[in-house]
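S.K.: Have a look at this one.
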Amino acid sequence: MVQALHARRRIDRLGALLGVVAMVAATTLPFVVFKANRIASGEPRSLLAALPSAPLLLASVALLAVAAAFVRQARARLAAAVVGVLTVALALAWAADALTPAGNRLVRISPGAGCWLLLLAFALIATDALARLRPGPLARVGALALMAAAMWAAFAAGLFDQLSIMREYAVNASGFGRELRQHVLLALGSVGAATLVGLPLGITCHRVPRVRGAILQVLNLVQTIPSIALFGILMVPLGALATAVPLAADLGINGIGPAPAAVALFLYALLPVVANTVVGLGRVSPVAVDAARGMGLTSWQVLGEIELALALPVIITGIRIVLVQNIGLVTIAALIGGGGLGTYVFQGVGQTAIDLVLLGAIPTVALAFSAAVLLDALVDLTGRAAP
Amino acid sequence: MPRPATLLRLAALALLLAFLIVPQRFAPLFVPFTEYGAPPIYDQGSLPMLALAHLGTVFAATAVSAIVAIGLGILVTRAGGAEFLPLSRTLVNIGQTFPPVAVLAIAVPLVGFGELPTLIALFAYGLLPIFENTLSGLQSCPPAVVEAADGMGMSPRQRLLAVELPLAMPLILEGVRLSLVVNVGTATIGSTVAAKGLGEVIIAGLLSNNTAFILQGGLVTGLMAILLYELMGTVERRILRATHLA
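Protein chains in written order, with the working numbering: chain G, 126 to 512; chain R, 849 to 1094.
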């Protein structure tokens, strides 16, 4: 009791630490980096130098930082942190507008270390508050949808158009939609195919213990082959297939391009799906299975209505792991002409253009993050539905 | 009489070493994968040196991740660090959604080309399994044992070193093992930003359309990952036996 009282009076140490980080970032680090053109070297600009309204902004950042340290109620902290993120994002957009001479399309403005650190600090406070609130699955999906809507509105309104990353987008606008679709298609397609093949394979492993070791061992071996090598190795048989069977070539199966990437991603996705199916089915209590059999359910009914239904959360957890992993791995497909957002990442690395890298990397991370939130919610929902 | 599994491991190790030391002996195997008389064996650098550089990068990155992740895991499970627990949990989960290529690509403009961006990406990627396992290891210590340690008059520090860490050790080591093996594969991506490693062989194959190179790079890396996995398993058993006898 005494301890609880003591704790209530104390300041929140995490909030205090992040508040200090935010203040240091806002006052000492460059808020944006100014380049006269794409290849010029950058000049750091502090918040005060970049924005006419900076003192007001600094005051609000300070206020929010203090709130993070002293307000202990999670909802209020969340609200303060969200306001913080929005303030910094708006400040970034305004700074870019203020620093760009009217009509100048050459000037490049990128977020500086201070801006990133500020966003990180407030995002961390928000994440912490959310973690303590323990929102239910639907609330989490709702929050994600809200975030996506806010982002979309900001882009649709052209809020960030003066930022360098959006300049890179403008240059690549015609191809961006195609690469994004390709990226999503490769990730979803490979995971979908792996689920279709992996489920029966997992059920077989569960039912026939003799083959279990062998199948899992082979899939384990596949996982040890580095991704770029597997992409490369698969170019050979698929290329040969395209030469030997013209129909395959007509269907788009080719040595170079998305086909080897899709096969490699499918192979990587198999192990977690099969392994989790085996684990999930293994956890189903034999009592439940016996009871179902006693009730006169056929073997297929037992499998579908009892075993798979009870194993579903574990199986979906496996699918979540591979979907997040494959969304990341698709970036490497760009190395073998497979397209996807990795195209911009590798182009950016080649031209040492960080904004082009970010144009590929940020949507990839956003996709993976959204997939993780959505499937985690699904895991919770199916886990709750099952007795 | 050693078990068949041990023999298999030794054979795999012998194969790996033989290939690294006298790769030209294996040339006939790789000739069918080349076109227009391209070299069947990687000839743009020394394979053993590349393998050593590869392992060096992986070990260095994993060592740093282990120190940071175990330290963080201990910190957030102490009374004083409990406030940081929910956030660190969530961060670990979010961290997993960052593709290693993206970490690598973002690190390049900040620290330049070469080993450093690869080390950063591997470090970030290796943190997660170790941290997660340290956490579950420390949190799964039976409360009765922890209370008994308190009852014996142990200081928190003694309790951590003599009771909690030894009990959590199997899980922590398993996390290190997982990080190490995953990093062996991920490190190949480092060669896209000019880090020394076996990825160079694969990239050279991709650039010159030489499948033999791609196969060599992939097989050597895969073999190294498997052997490392087995080796870590043995090391783990040794450590555990030693700590339990002590």
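C-beta atoms are modelled at their ideal positions from N, C-alpha and C, and glycine is treated no differently.
For the alpha helix (DSSP H) containing V352/G, list its first residue and its last residue.
M.R.: Note on identity: in this sequence residue 352/G is Ser, with Val being the wrong assignment. Residues S352 to A369.
S.K.: Does chain R have any CB closer than 7 Å to the CB of G453/G?
M.R.: Taking Cβ atoms only, chain R reaches closer than 7 Å to G453/G, which makes this a yes.
S.K.: According to a CB-to-CB cut-off of less than 8 Å, which residues of the segment 912 to 944 of chain R neighbour chain G?
M.R.: For the segment 912 to 944 of chain R, which is checked against every Cβ of chain G, the residues closer than 8 Å are E931, F932, P934, L935, R937, T938, L939, N941, I942 and Q944.
S.K.: Look up P236/G in the DSSP assignment and say whether it is helix, strand or coil.
M.R.: It is a strand residue.
S.K.: Counting contacts by CB-CB distance shorter than 7 Å, is N143/G in contact with chain R?
M.R.: What sits at residue 143/G in the sequence shown is Leu, not Asn. With 7 Å as the cut-off, L143/G does not count as an interface residue toward chain R.
S.K.: Check each candidate in F471/G, V470/G and A436/G and name the one with the smallest Cα separation from R509/G.
M.R.: Considering only alpha carbons, the answer is A436/G.
S.K.: Mark T423/G as exposed unless 16 or more other C-beta atoms lie within 10 angstroms of its C-beta, in which case mark it buried.
M.R.: Exposed, since its Cβ has fewer than 16 Cβ neighbours within 10 Å.
S.K.: With a cut-off of 7 Å, does the C-beta of L344/G fall near any C-beta of chain R?
M.R.: Not closer than 7 Å to any Cβ of chain R, the Cβ of L344/G fails to qualify, so no.
S.K.: Determine which residues of the segment 169 to 186 of chain G have a Cβ less than 9 Å from any Cβ of chain R, and write them out in chain order.
M.R.: So the list is empty, because no residue satisfies the distance condition.
S.K.: Taking a cut of 8 Å between CB atoms, which residues from the segment 454 to 470 of chain G lie near chain R?
M.R.: Listed in sequence order: L454, T456, I457, L460, I461, G467 and V470.
S.K.: In chain order, what residues of the same chain lie with their CB nearer than 8 Å to the CB of V210/G, ignoring the 5 residues before and after it?
M.R.: Answer for V210/G: L244, F247, A248 and A251, listed in chain order.
S.K.: Here's the rule: buried if 16 or more other CB atoms are within 10 angstroms of the residue's CB, otherwise exposed. What is V482/G?
M.R.: By the neighbour-count rule (16 or more Cβ atoms within 10 Å), V482/G is buried.
S.K.: When DSSP builds the beta bridges, which residues end up paired with V157/G?
M.R.: V157/G pairs with R170/G and P236/G.
S.K.: Kindly say whether A257/G, judged by its beta-carbon, lies nearer than 7 Å to any beta-carbon of chain R.
M.R.: Contrary to the premise, residue 257/G reads as Arg rather than Ala in this sequence. At least one chain R Cβ lies under 7 Å of R257/G.
S.K.: Please list the residues of the segment 358 to 372 of chain G that have a C-beta atom closer than 8 Å to any C-beta atom in chain R, keeping them in chain order.
M.R.: Against chain R - using a Cβ distance shorter than 8 Å - the residues of the segment 358 to 372 of chain G are I358, M360 and V361.
S.K.: Going along chain R, which residues have a C-beta under 9 Å from P351/G?
M.R.: Chain R residues near P351/G: V1032, G1033, T1034, A1035, T1036, I1037, L1046, G1047, I1050, G1065, G1066, T1069, G1070 and A1073.
S.K.: Check the Cβ-Cβ distances between A950/R and every residue of chain G, and say whether any is below 7 Å.
M.R.: Judged by the 7 Å Cβ criterion, A950/R is in contact with chain G.
S.K.: Between the Cα of L215/G and those of S185/G, F391/G and G462/G, spot the shortest distance and give me the residue it belongs to.
M.R.: Ranking S185/G, F391/G and G462/G by Cα distance to L215/G puts S185/G first.
S.K.: Hey, which unbroken runs of the alpha helix (DSSP H) at 4 residues or more fall wholly within the segment 197 to 275 of chain G?
M.R.: Here the runs fully enclosed are 199 to 224 and 238 to 258.
S.K.: Give me the DSSP bridge partner(s) of L288/G.
M.R.: Per DSSP, I234/G.
S.K.: At which residues does the alpha helix (DSSP H) containing D587/G begin and terminate?
M.R.: Residue 587/G falls outside the range modelled here, since chain G spans only 126 to 512, and no answer is possible.
S.K.: For F946/R, which residues in chain G fall below 8 Å Cβ to Cβ?
M.R.: Correct list: G453, V490 and A493.
S.K.: Is the distance from the Cβ of A194/G to the Cβ of D137/G below 7 Å?
M.R.: Closer than 7 Å, so yes.
S.K.: At the level of alpha carbons, what is the spacing between A901/R and A179/G?
M.R.: Straight-line Cα distance between these residues: approximately 48 Å.
S.K.: At a CB-CB cut-off below 8 Å, which residues of chain G make contact with T1095/R?
M.R.: The first residue shown for chain R is 849 and the last is 1094, placing residue 1095/R beyond what the model contains.
S.K.: Closer than 7 Å by beta-carbon distance: list the chain G residues that pair up with A972/R, in chain order.
M.R.: Those do not exist, as A972/R stays about 13 Å from chain G at its closest Cβ, beyond 7 Å.
S.K.: Might you give, ordered along the chain, the residues of its own chain that have their beta carbon closer than 8 Å to the beta carbon of R170/G, omitting 5 neighbours on each side?
M.R.: Correct list, in chain order: P155, F156, V157, V158, F159, A220, L224 and G237.
S.K.: Count the other C-beta atoms from every protein chain shown that fall within 10 angstroms of the C-beta of V427/G, then say buried if there are 16 or more, exposed otherwise.
M.R.: Its Cβ being crowded by 16 or more others within 10 Å, V427/G is buried.
S.K.: With a threshold of 6 Å on Cβ separation, who are the neighbours of P896/R within its own chain once the five nearest residues in sequence on each side are excluded?
M.R.: These residues qualify, in order along the chain: L868.
S.K.: At least one CB of chain G closer than 7 Å to the CB of I978/R: is that the case?
M.R.: It does not: the Cβ of I978/R has no partner Cβ on chain G nearer than 7 Å.
S.K.: List, in order along the chain, the chain G residues whose C-beta lies closer than 9 Å to that of T1040/R?
M.R.: Going along chain G in sequence order, the residues near T1040/R (Cβ under 9 Å) are I353, I457, L460, F471 and V474.
S.K.: For I441/G versus L503/G, is the C-beta spacing smaller than 7 Å?
M.R.: Closer than 7 Å, so yes.
S.K.: Got a sec? Which residues, its chain only, sit under 7 Å from Q944/R by beta carbon, not counting five neighbours each side?
M.R.: So the list reads L976, once near-sequence residues are dropped.
S.K.: Which residue comes first and which comes last in the alpha helix (DSSP H) that contains Y393/G?
M.R.: Y393/G -> alpha helix (DSSP H) spans P383 to R408.
S.K.: Count the other CB atoms, across all protein chains shown, that sit within 10 Å of the CB of S988/R; report buried if there are 16 or more and exposed otherwise.
M.R.: Its Cβ having fewer than 16 others within 10 Å, S988/R is exposed.
S.K.: How is P488/G classed by DSSP in three states: helix, strand or coil?
M.R.: Looking at P488/G - three-state DSSP - the assignment turns out to be helix.
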